[in-house]
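Visitor: In the numbering used here, the protein residues as written are 404 to 539.
Note that CB positions come from ideal geometry on N, CA and C, so glycine has one too.
From a predicted model like this one, the values you see are computed outputs, not experimental measurements.
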């Protein structure tokens, strides 16, 4: 069993700072995750983040606390925090998925014109995770 936490947030960064902040977030996540055996995925588009983290429960909950204190994120929405039989992202310390047409189609099918993960419901998350796992 592994603990899985999925959440979304909105960036607070001005447009000119986004690329630098995204690099920092990914670098920090990958360094921490390797040291603490955390795996996961991050998707960013249209000023919103979606991430799913998998690992030891106390470590993941500590990361969530860190996220709430991170000034680069606000409007944080927690979708799921639960034990799963096996994780989706065991191959990646932090998989980063670039803007992708399959994700765009997923959101269009839900009635959104752009990536708006804060508007999803908990029942949408398994299908989104499946897409994020399958995208190269």
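Measuring CB atoms only, is the segment 421-429 touching the segment 487-496, in the sense that at least three cross pairs come out at less than 8 angstroms?
Guide: Segments in contact, no.
Visitor: My guess is that residue 408 and residue 456 are in contact by the Cβ rule of under 8 angstroms, so how many angstroms apart are they, rounded?
Guide: Residue numbering aside, residue 408 sits at position 5 when the chain shown is read from its first letter. Residue numbering aside, residue 456 sits at position 53 when the chain shown is read from its first letter. So it is a contact: roughly 5 angstroms between Cβ atoms.
Visitor: Fully enclosed by the segment 461-513, which beta strand (DSSP E) runs are 3 residues long or longer?
Guide: Fully enclosed beta strand (DSSP E) runs of 3 or longer: 476-487, 498-500.
Visitor: Buried or exposed for residue 530, please, with buried defined as at least 16 other CB atoms from any protein chain shown within 10 angstroms of its CB.
Guide: Translated into the one-based positions of the chain shown, residue 530 becomes position 127. Flag for residue 530 reads exposed.
Visitor: Can you give me the start and stop residues for the beta strand (DSSP E) that residue 533 sits inside?
Guide: As a working note, residue 533 is residue 130 in the chain shown. Taken as a continuous stretch (DSSP letters only), residue 533 belongs to no beta strand (DSSP E), being part of the alpha helix (DSSP H) at 528-537.
Visitor: Tell me whether the segment 501-514 and the segment 464-474 touch, counting them as touching only if at least three CB pairs, one residue from each stretch, are closer than 8 angstroms.
Guide: They do not touch, by the three-pair rule.
Visitor: Assuming residue 442 is part of the beta strand (DSSP E), what are its boundary residues?
Guide: What you label residue 442 is simply residue 39 of the chain shown in a count that begins at 1. Taken as a continuous stretch (DSSP letters only), the beta strand (DSSP E) holding residue 442 covers 442-448.
Visitor: Round the Cβ separation of residue 521 and residue 469 to the nearest angstrom and send it over; I've been treating them as touching at under 8 angstroms.
Guide: Locating residue 521 in the chain shown gives position 118, counting from the first residue. Locating residue 469 in the chain shown gives position 66, counting from the first residue. Going by Cβ atoms, the distance from residue 521 to residue 469 rounds to 20 angstroms, so no, they are not a contact pair.
Visitor: Do you know how far the Cα of residue 434 is from the Cα of residue 526?
Guide: One-based indexing of the chain shown puts residue 526 at position 123. One-based indexing of the chain shown puts residue 434 at position 31. The straight-line gap from Cα to Cα measures roughly 31 angstroms.
Visitor: Less than 8 angstroms between the C-beta atoms of residue 441 and residue 462, yes or no?
Guide: Residue mapping note: residue 441 aligns to position 38 of the chain shown, counting from 1. Residue mapping note: residue 462 aligns to position 59 of the chain shown, counting from 1. In this structure, residue 462 lies closer than 8 angstroms to residue 441 by Cβ.
Visitor: How is the alpha helix (DSSP H) around residue 431 delimited, first residue to last?
Guide: Numbered from 1 along the chain shown, position 28 holds the residue referred to as residue 431. Counting along the chain, the alpha helix (DSSP H) containing residue 431 begins and ends at 421-439.
Visitor: Identify whether residue 521 lies in helix, strand or coil by the three-state DSSP scheme.
Guide: To locate residue 521, count along the chain shown from 1; it is residue 118. Correct three-state label for residue 521: helix.
Visitor: Out of curiosity, what's the CA-to-CA distance linking residue 436 and residue 497?
Guide: Residue numbering aside, residue 436 sits at position 33 when the chain shown is read from its first letter. Residue numbering aside, residue 497 sits at position 94 when the chain shown is read from its first letter. Taking the straight line joining both Cα atoms gives about 7 angstroms.
Visitor: I'd like the list of long-range same chain contacts for residue 415, defined as Cβ closer than 8 angstroms, with 5 residues on each side in sequence excluded.
Guide: Locating residue 415 in the chain shown gives position 12, where the first residue counts as 1. Answer for residue 415: 474, 475, 476, 477, listed in chain order.
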